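Read through the structure below, which is laid out as structure tokens, and then see the notes.
Residue numbers (my numbering): 4 to 92.
In structure tokens:
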């Protein structure tokens, strides 16, 4: 039997923001949040989600990813990414 990984800690917040009321996509959404978290950490030098700005960027990138628009994320959030990067370096 395969052990299931726990869902991402922001899954509930993401589903609420996106108005997703079912559980059918939870695994996929959790993977999107994980990849978004890794991308934001790499871009900004953040090391955890304790800063609300980091959490917000993770949620926003996951939203863009969910809507197949991730290629527009960086341009639309460049200022926030730069600000967080400067704070973390």
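The beta carbon of each residue, even a glycine, is placed where N, CA and C say it ideally should be.
Because the structure is a prediction, the values reported are computed rather than measured.
Bounding residues of the alpha helix (DSSP H) (the contiguous stretch that carries residue i)
i          : result
residue 72 : Residue 72 -> no alpha helix (DSSP H), and no H or E assigned at all.
residue 18 : 14-21
Residue i classed as buried or exposed, judged by whether at least 16 other C-beta atoms fall within 10 angstroms
i          : result
residue 50 : exposed
residue 17 : buried
residue 40 : buried
Straight-line gap, residue i to residue j (C-alpha atoms, nearest Å)
i          : j          : result
residue 77 : residue 84 : 8 Å
residue 82 : residue 11 : 26 Å
residue 23 : residue 92 : 36 Å
Sub-8 Å separation of residue i and residue j beta-carbons
i          : j          : result
residue 42 : residue 64 : yes
residue 62 : residue 14 : no
residue 60 : residue 80 : yes
residue 68 : residue 35 : yes
Whole-Å CB distance - residue i paired with residue j, under 8 Å assumed
i          : j          : result
residue 47 : residue 87 : 4 Å
Contact with chain D by residue i, beta-carbon distance below 8 Å
i          : result
residue 54 : Checking the listed chains, one finds no chain D in this structure; it contains a single protein chain.
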